[in-house]
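Enquirer: Protein sequences appear in the order of chains V, R, A and G. Just so we're aligned: 306 in the working numbering is position 284 of the first sequence, and the numbers increase by one with no gaps anywhere. Just so we're aligned: 386 in the working numbering is position 98 of the second sequence, and the numbers increase by one with no gaps anywhere. Just so we're aligned: 355 in the working numbering is position 352 of the third sequence, and the numbers increase by one with no gaps anywhere. Just so we're aligned: 108 in the working numbering is position 96 of the fourth sequence, and the numbers increase by one with no gaps anywhere. For every residue, glycine included, the Cβ atom is placed at its ideal position computed from N, Cα and C. Let me give you the structure first, and then I'll get to my questions.
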Amino acid sequence: MSDRTVTLEPIASIAKAPLQEQYVSGHRTCAGCGPALAYRLIAKAAGKNTIFIGPTGCMYVANTSYMCVPWTVPWMHAQITNGGSIASGIEAAYQVMMRKGKYDGDFPNIIVMAGDGGTADIGLQAISGAMYRNHDILVISYDNESYANTGIQASSMTPYGSATSFTPPGITVPEGEKFWPKDITAMIYYGHPMVKYVAQASIAYPIDLMNKVRKALNKKGSAFIHVQTACPKGWRFDSSKTVDVAKLAIQTGMWVNYEIDEGKKTLDHVPTKREPVEKYLKTQGRFNHLRPEDVQKIQQFVDGKVAEA
Amino acid sequence: MADSKTTSQVKEVTIWASGVIQDAEARDTANCIAAAASKEGKHVQAFDNYIDLPDRVNVPVRKYARISSEEIQEKYLYENEHPNMVVVVEPTLIKGFNILRGMLKGGMLVVNTGKEPEELLKFLPNKELLAAVATIDASKVAEALVDDFMDIEGAAAGVLGRGIGAALAGAVAKVSGYFGLESLKEVVQNTDAAEKGFNNVKIKIL
Amino acid sequence: MMKGKKKFIAGTAAVAEAAMLANVDVISAYPIRPYTGLMVDLSKKVADGKLDAEFVHADSEHSQLGIVHGASASGARTMTGSAGVGVTYAFETYSPISGGRCPVQMVVADRTLDPPGDFGSEHSDVLCARDQGWIMGWAETPQEAFDNTLIYYRLGEDQRVSLPQFNCQDGYFVSHIPGEVVVPEKSQVAEFLPPYKLAKPLDPRKPYGHGPQIFSDQGPALQLQRAIVMNRAKEIIPEVVSDFNKVFGRKYDSYIENYNPNDADVCLFVNGAHSQTARYAIANLKAQGVNVALCRIRFVRPWATEEIAEVLSQYKAVGVVETNNSFGVAGQAGVFTPEVAATLYSLPENKRPMLMSFMAGLSGEVIRLNDFYFMAKKLVQAADRKKIEKPVYWIGFEEN
Amino acid sequence: MSLPNIPKEKQLPEGCIVDSPTTEQDHMTTGGWRVLRSVIDYGKCTKCKTCWISCPDAAIKVDENGDVNINLKYCKGCGICASVCPVGAIARIPELDFEDVSVYRELPF
Chain V
23 MSDRTVTLEP IASIAKAPLQ EQYVSGHRTC AGCGPALAYR LIAKAAGKNT IFIGPTGCMY
83 VANTSYMCVP WTVPWMHAQI TNGGSIASGI EAAYQVMMRK GKYDGDFPNI IVMAGDGGTA
143 DIGLQAISGA MYRNHDILVI SYDNESYANT GIQASSMTPY GSATSFTPPG ITVPEGEKFW
203 PKDITAMIYY GHPMVKYVAQ ASIAYPIDLM NKVRKALNKK GSAFIHVQTA CPKGWRFDSS
263 KTVDVAKLAI QTGMWVNYEI DEGKKTLDHV PTKREPVEKY LKTQGRFNHL RPEDVQKIQQ
323 FVDGKVAEA
Chain R
289 MADSKTTSQV KEVTIWASGV IQDAEARDTA NCIAAAASKE GKHVQAFDNY IDLPDRVNVP
349 VRKYARISSE EIQEKYLYEN EHPNMVVVVE PTLIKGFNIL RGMLKGGMLV VNTGKEPEEL
409 LKFLPNKELL AAVATIDASK VAEALVDDFM DIEGAAAGVL GRGIGAALAG AVAKVSGYFG
469 LESLKEVVQN TDAAEKGFNN VKIKIL
Chain A
4 MMKGKKKFIA GTAAVAEAAM LANVDVISAY PIRPYTGLMV DLSKKVADGK LDAEFVHADS
64 EHSQLGIVHG ASASGARTMT GSAGVGVTYA FETYSPISGG RCPVQMVVAD RTLDPPGDFG
124 SEHSDVLCAR DQGWIMGWAE TPQEAFDNTL IYYRLGEDQR VSLPQFNCQD GYFVSHIPGE
184 VVVPEKSQVA EFLPPYKLAK PLDPRKPYGH GPQIFSDQGP ALQLQRAIVM NRAKEIIPEV
244 VSDFNKVFGR KYDSYIENYN PNDADVCLFV NGAHSQTARY AIANLKAQGV NVALCRIRFV
304 RPWATEEIAE VLSQYKAVGV VETNNSFGVA GQAGVFTPEV AATLYSLPEN KRPMLMSFMA
364 GLSGEVIRLN DFYFMAKKLV QAADRKKIEK PVYWIGFEEN
Chain G
13 MSLPNIPKEK QLPEGCIVDS PTTEQDHMTT GGWRVLRSVI DYGKCTKCKT CWISCPDAAI
73 KVDENGDVNI NLKYCKGCGI CASVCPVGAI ARIPELDFED VSVYRELPF
């Protein structure tokens with residue numbers, strides 16, 4: 023396997039974060055877009071020697087219309103189905119081209135930015151294939167918990183009890199979304215023995231997110247990061263609250279930051295006193311319809327998840 | 289050959305709004321206008337701008353209503369090419385965008401704001417296109433904002449005129465005369481807002 | 004001169020030899036009968052160090068195509084392949100690859116689509132993708148499969164074209180029945196096929212964005228762009244084929260092989276492997292005093308409209324051997340009949356032959372000499388009577 | 013077969029492969045979206061750069077003195093900066109209260 027000559031150093035603080043932007047101003051994402059913030063931080067952490075693969079999703083449609091490409095680094099569209107396989111092909115190409123002397127640059131960071139649907143639903147097969155084959159790539163799932171660009175339809179990572187335009191609450195289905203979301207990070211880690219690094223991160227903790235990206239890129243082989251990216255359009259909150267909602271997700275246990283590095287699991291940002299989930303649910307219009315028993319159910323689910331984390 | 293631009297009898301109403309937050313309201317405004325004119329036997333269309341999709345928070349979105357005494361021949365257009373009337377749900381948009389694009393001389397502008405019509409003129413570099421500018425504080429008279437997840441692009445419209453759409457359509461009725469207040473009241477739920485929109489609109493003839 | 008080593012191998016193995024000589028960089032594989040042998044051969048060549056390439060065993064055909072798409076966009080020469088429902092499973096990827104102008108090569112040993120569950124050859128699988136902006140054509144023999152591999156790389160990678168290619172062969176007939184293949188020397192291949200160089204690869208040292216969305220009014224120009232380069236591919240085929248013939252000592256026609264052209268009144272229009280049997284049938288008939296010609300196309304895409312029209316204009320009746328299904332299609336046969344009909348329509352009426360279709364070679368059915376005799380008889384009858392009695396014959400279901 | 017030529021004004025890069033920007037993407041300015049303008053009180057600002065790191069649009073620039081500045085050409089007015097500011101140094105003021113037209117666009121968005 024071709025080696026990188028450059029190791030990405032950890033970023034100590036906001037003050038030490040690189041000023042250079044790789045995901046630049048001038049894109050069509052929502053005001054207050056969580057995925058766009060994640061994209062910017064990830065690109066910043068990865069730096070210049072990077073290739074992004076963008077499977078169809080918000081970060082393709084909202085970013086690139088009208089021939090926009092707000093990346094200073096190479097970017098390639100993939101179908102929503104095949105972010106994992108296109109990245110595999112790029113990685114394979116660089117391996118062989120460097121071996122054959124057809125490319126004399128440094129081995130690039132190859133990053134797939136897939137949405138929750140492009141990771142856990144329609145894109146799962148290609149990503150799982152890439153992880154199984156241990157291509158030297160980083161797959162990031164920017165999880166805004168729905169198909170947002172098409173008008174907020176439920177994905178398999180939409181939380182229980184969300185109202186989406188495919189899971190509207192009504193007399194027969196008062197809770198809206200009836201199913202519990204897939205645990206994609208666990209699926210990737212426990213289902214792919216060659217994957218040595220997976221992490222969950224949040225836009226509420228930008229330095230942690232950037233350092234996880236750097237750690238993942240420094241690994242040889244496949245790595246996976248699942249980033250919760252609050253979505254003002256889909257979750258129905260004011261665009262100024264994107265980071266606040268993301269933080270509340272951690273404080274209530276609705277989202278847990280952790281990493282598994284070569285088998286060692288570390289929990290991050292564990293709240294000293296966990297807030298009730300209701301506090302989080304109240305901030306978002308998608309949960310407006312929930313009855314006390316639904317909230318109770320979610321609280322139990324979260325309690326269980328936190329207990330086993 | 290006939291020129292489709294000059295032979296068209298269609299009155300075009302373009303509604304500008306801030307994405308996501310006012311998306312449903314703007315669509316509702318277009319639907320109210322079309323439904324009211326239809327009550328009077330007019331040929332109508334109401335549709336979303338498709339080109340600017342996906343809808344995003346704060347992005348300018350456009351909705352269109354088209355009213356004609358004769359059958360509308362070119363039904364499949366993406367945009368109103370020459371709006372006779374422009375309605376602005378989020379007043380700030382007049383600063384950032386040429387909301388009068390395509391307008392021929394003699395057009396009308398209705399803005400959802402508590403400000404006086406005169407105050408807006410400084411933000412309109414092409415104000416010479418306008419025959420009238422009007423303001424209505426629709427957000428104030430209607431109070432409620434429609435916030436319905438199912439009211440998104442492509443889905444069938446539900447109840448019309450629950451929120452500020454009724455008030456804005458009322459103002460449009462007064463300013464344009466394309467349809468009467470009574471017809472509007474027949475199609476909207478919030479008849480009070482429609483009436484207030486009609487009565488409270490401040491018009492400045494230019 | 005025909006230099007090189009003679010081998011006795013089948014079509015998929017022949018392509019593997021060609022891929023090795025083309026020094027392909029990235030290969031993506033997924034098994035499905037009858038093309039799998041290609042990848043079995045290639046994986047061994049890579050494992051044995053005879054070919055320095057990345058051999059990626061994918062999780063599906065769809066991912067196979069994704070892998071070569073990404074690799075090709077990065078500047079690597081690529082090969083993938085499939086058959087039957089595998090070809091259709093990957094369908095989503097075809098237009099993005101040609102639209103992104105990545106000259107991927109996909110080898111198809113064709114196979115009937117399900118149902119019926121059937122391993123046999125039928126051209127229906129990859130013909131579904133004939134409108135996706137890919138160069139497409141069939142080999143008649145393992146030798147031609149070998150040769151087409153190099154010809155397609157040269158044509159598709161030409162920067163005036165930059166389009167992906169379906170390098171097709173009849174499943175089982177060509178893919179599994181060995182024939183003599185002259186494998187040329189490395190130096191000859193190097194003379195014919197320059198190294199792959201993409202105009203704007205994914206390269207952090209000179210970044211580009213590949214495939215953003217566009218304004219709705221920009222779409223038509225991009226579609227026209229693809230039409231123009233497909234047209235250009237057609238224009239440079241003679242240049243490529245003539246170079247190939249010169250370097251390797253072969254005698255390929257550019258677009259059409261017209262066998263026994265001069266004495267015949269009628270012509271069989273055939274694509275792929277069955278043309279070999281047709282040629283023997285025509286020779287046998289000629290010995291009995293019955294004259295039939297053969298028109299075998301070397302490319303389905305780009306379709307050589309003028310050239311095919313010119314060849315067929317010599318005849319009074321043309322019989323299209325379909326080898327594929329297109330249920331409910333104009334003419335109620337397969338996809339070739341409407342294409343030939345449209346081609347003939349460019350001719351003046353007095354030069355336009357009558358047109359018949361023969362549904363044959365479906366679901367792996369062998370087209371026998373007797374079947375071709377039957378088709379010849381129907382064609383000659385139509386030419387003599389100046390009248391088509393029946394436009395479509397389903398071979399095997401017709402009374403004599 | 014002859015096909016029409018693509019006139020110059022309609023020509024697009026082959027395969028829709030376009031040049032990457034270097035510092036900003038000027039043909040997609042987004043300042044016109046803004047309803048509320050963020051205004052920094054430099055008297056309160058501690059230069060912690062929390063606003064800078066939290067901006068999805070990279071519309072906050074850090075100058076050579078470490079001061080943060082809002083790039084009105086691109087700021088969509090989401091208000092995250094004001095929400096995350098630990099000292100409350102960022103106010104949100106209606107854009108219409110300002111007379112300057114920062115952006116004026118014809119093209120879609």
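Taking N372(R) as the reference, give the member of E358(R), Y466(R), K299(R) with the closest Cα.
Expert: For this step, residue 372(R) is matched to residue 84 along the second sequence. Measuring from the Cα of N372(R), the nearest candidate turns out to be K299(R).
Enquirer: Going by other Cβ atoms of all chains shown within 10 Å of its Cβ, with 16 needed for buried, is V333(V) buried or exposed?
Expert: In the structure displayed, chain V extends from 23 to 331; residue 333(V) sits before or after that span and is not available.
Enquirer: In chain order, which continuous runs of the alpha helix (DSSP H) of length 4 or greater are located wholly inside the stretch 72-117 of chain V?
Expert: Here the runs fully enclosed are 80-86.
Enquirer: Determine which residues of the stretch 158-189 of chain V have a Cβ less than 9 Å from any Cβ of chain R, and write them out in chain order.
Expert: Per Cβ criterion, the list reads A170, N171, T172, G173, I174, A185, T186, S187.
Enquirer: G137(V) by DSSP, collapsed to three states: which one?
Expert: Along the first sequence, read from residue 1 onward, the residue named residue 137(V) stands at position 115. Strand, per DSSP.
Enquirer: Within the stretch 34-119 of chain A, note down every full beta strand (DSSP E) run reaching 3 residues or more, in order along the chain.
Expert: Those beta strand (DSSP E) runs which fall completely within the stretch 34-119 of chain A and span 3+ residues are 57-60, 81-85, 108-112.
Enquirer: So which residues on chain R does A252(V) lean against when the C-beta distance must stay under 7 Å?
Expert: In the first sequence, counting from the first residue as 1, residue 252(V) sits at position 230. The contacting residues do not exist; A252(V) stays about 12 Å from chain R at best.
Enquirer: Please confirm if C80(V) has its CB atom under 9 Å from at least one CB of chain G.
Expert: Residue mapping note: residue 80(V) aligns to position 58 of the first sequence, counting from 1. Not closer than 9 Å to any Cβ of chain G, the Cβ of C80(V) fails to qualify, so no.
Enquirer: Nearest chain G C-beta to I36(V) closer than 9 Å, yes or no?
Expert: Position 14 of the first sequence holds residue 36(V). Closer than 9 Å to some Cβ of chain G, the Cβ of I36(V) qualifies, so yes.
Enquirer: Does K88(G) have its Cβ less than 9 Å from a Cβ in chain R?
Expert: On the fourth sequence, residue 88(G) is found 76 positions in, with the first residue counted as 1. Yes, its Cβ sits closer than 9 Å to a Cβ of chain R.
Enquirer: For the stretch 60-73 of chain A, which residues have a beta carbon sitting closer than 9 Å to at least one beta carbon of chain V?
Expert: Within the stretch 60-73 of chain A, the qualifying residues are H60, A61, D62, S63, H65, S66, Q67, L68, G69, I70, V71, H72, G73.
Enquirer: Distance cutoff 9 Å, beta carbons only. Does E358(R) sit that close to anything in chain G?
Expert: Position 70 of the second sequence, counted from the start, is the residue given in the question as residue 358(R). For E358(R), the answer is no, since every Cβ of chain G falls outside 9 Å of its Cβ.
Enquirer: Per the contact definition of three or more C-beta pairs closer than 8 Å, is the stretch 255-270 of chain V in contact with the stretch 152-169 of chain V?
Expert: Because the criterion of three Cβ pairs below 8 Å is met, the stretch 152-169 of chain V and the stretch 255-270 of chain V touch.
Enquirer: Since K22(G) meets chain A, which of its residues come closer than 7 Å, beta carbon to beta carbon?
Expert: Locating residue 22(G) in the fourth sequence gives position 10, counting from the first residue. Chain A residues near K22(G): A224.
Enquirer: Establish whether the CB of Y283(A) and some CB of chain V are separated by less than 9 Å.
Expert: As a working mapping, residue 283(A) is identified with position 280 in the third sequence. No, because no Cβ of chain V sits closer than 9 Å to the Cβ of Y283(A).
Enquirer: What do you reckon, are the CB atoms on K301(V) and Q273(V) nearer than 9 Å?
Expert: Position 279 of the first sequence, counting from 1, holds the residue named residue 301(V). Position 251 of the first sequence, counting from 1, holds the residue named residue 273(V). A contact, by the Cβ cut-off of 9 Å.
Enquirer: Buried or exposed: Y33(A), going by 16 or more other Cβ atoms within 10 Å of its Cβ?
Expert: Here residue 33(A) corresponds to residue number 30 of the third sequence, with the count starting at 1. With 16 or more other Cβ atoms within 10 Å, it is buried.
Enquirer: Helix, strand or coil: how does DSSP classify Q310(R) here?
Expert: Walking along the second sequence from the start, residue 310(R) turns up at place 22. Here Q310(R) sits in coil by DSSP.
Enquirer: Span of the alpha helix (DSSP H) holding M391(R)?
Expert: The residue given as residue 391(R) occupies position 103 in the second sequence. Counting along the chain, M391(R) falls outside any alpha helix (DSSP H), and DSSP gives it neither H nor E.
Enquirer: From K492(R) to K263(V), what does the alpha carbon distance come to, in whole angstroms?
Expert: As a working note, residue 492(R) is residue 204 in the second sequence. As a working note, residue 263(V) is residue 241 in the first sequence. Roughly 39 Å separates the two Cα atoms.
Enquirer: Starting from G91(G), find everything on chain R with Cβ-Cβ shorter than 7 Å and list it in chain order.
Expert: Here residue 91(G) refers to the residue found at position 79 of the fourth sequence. Going along chain R, no residue has its Cβ under 7 Å from G91(G), so there is no contact; the nearest lies around 10 Å.
Enquirer: For the alpha helix (DSSP H) that T264(V) lies in, which residues bound it at each end?
Expert: As a first step, residue 264(V) is located in the first sequence; it is residue number 242 there, counting from the start. First-last of the alpha helix (DSSP H) with T264(V): 264-274.
Enquirer: When you check each C-beta in the stretch 66-90 of chain V against every C-beta of chain R, which residues fall closer than 7 Å?
Expert: The stretch 66-90 of chain V vs chain R, Cβ under 7 Å: V83, A84.
Enquirer: At what residue ranges does the stretch 117-171 of chain V contain a whole run of the beta strand (DSSP E), taking only runs of 3 or more?
Expert: Counting whole runs of 3 or more residues, the stretch 117-171 of chain V contains the beta strand (DSSP E) stretches 131-137, 160-165.
Enquirer: Could you check which residue in A114(V), A53(V), I64(V), H99(V) has the C-alpha nearest to that of A39(V)?
Expert: Translated into positions along the first sequence, residue 39(V) becomes position 17. When only C-alpha atoms are compared, the closest one is I64(V).
Enquirer: Against chain C, does D38(G) count as a neighbour if the rule is that its beta carbon must be under 9 Å from one of theirs?
Expert: No chain C appears in the structure shown, which is made up of the protein chains V, R, A and G.
Enquirer: Between the stretch 34-49 of chain V and the stretch 90-98 of chain V, can you find at least three pairs of beta-carbon atoms closer than 8 Å?
Expert: Yes: the two stretches touch, three or more of their Cβ pairs being nearer than 8 Å.
Enquirer: Taking the Cβ atom as the reference point for each residue, do P80(G) and I52(G) lie within a distance shorter than 9 Å?
Expert: Start at 1 with the first residue of the fourth sequence, and residue 80(G) comes out as number 68. Start at 1 with the first residue of the fourth sequence, and residue 52(G) comes out as number 40. Correcting the residue type first, residue 80(G) is Val in the shown sequence and not Pro. Yes; because the gap between Cβ atoms is below 9 Å, this pair is in contact.
Enquirer: Taking any Cβ of chain V, which residues in the stretch 341-358 of chain R have a Cβ under 9 Å from it, in chain order?
Expert: The stretch 341-358 of chain R vs chain V, Cβ under 9 Å: L341, P342, D343, R344, V345, N346, V347.
Enquirer: Which chain G residues are close to S306(R), counting only those with a beta carbon under 9 Å from its beta carbon?
Expert: The residue you call residue 306(R) lines up with position 18 of the second sequence. Going along chain G in sequence order, the residues near S306(R) (Cβ under 9 Å) are W45, V47.
Enquirer: Anything in the stretch 359-384 of chain R with a Cβ closer than 9 Å to a Cβ of chain G? List those residues in chain order, please.
Expert: Those would be E378, P379, T380, L381, I382, K383, G384, in chain order.
Enquirer: Consider the Cβ of H49(V): report whether some Cβ of chain G lies at a distance smaller than 9 Å.
Expert: For the purposes of this step, residue 49(V) is identified with residue 27 of the first sequence, where counting begins at 1. For H49(V), the answer is yes, since a Cβ of chain G falls inside 9 Å of its Cβ.
Enquirer: Helix, strand or coil for G182(A)? Go by DSSP, reduced to three states.
Expert: For this step, residue 182(A) is matched to residue 179 along the third sequence. Note: G182(A) maps to strand in three-state DSSP.
Enquirer: Helix, strand or coil for H277(A)? Go by DSSP, reduced to three states.
Expert: If you number the third sequence from 1, residue 277(A) lands on position 274. Three-state DSSP puts H277(A) in a helix.
Enquirer: Use the C-beta contact count for A152(V): other C-beta atoms within 10 angstroms, 16 or more gives buried, fewer gives exposed.
Expert: Sequence index remark: in the first sequence, residue 152(V) carries index 130 (1-based). Its Cβ being crowded by 16 or more others within 10 Å, A152(V) is buried.
Enquirer: Return the bridge partner residues of K8(A) from the DSSP annotation.
Expert: Along the third sequence, read from residue 1 onward, the residue named residue 8(A) stands at position 5. K8(A) pairs with V186(A).
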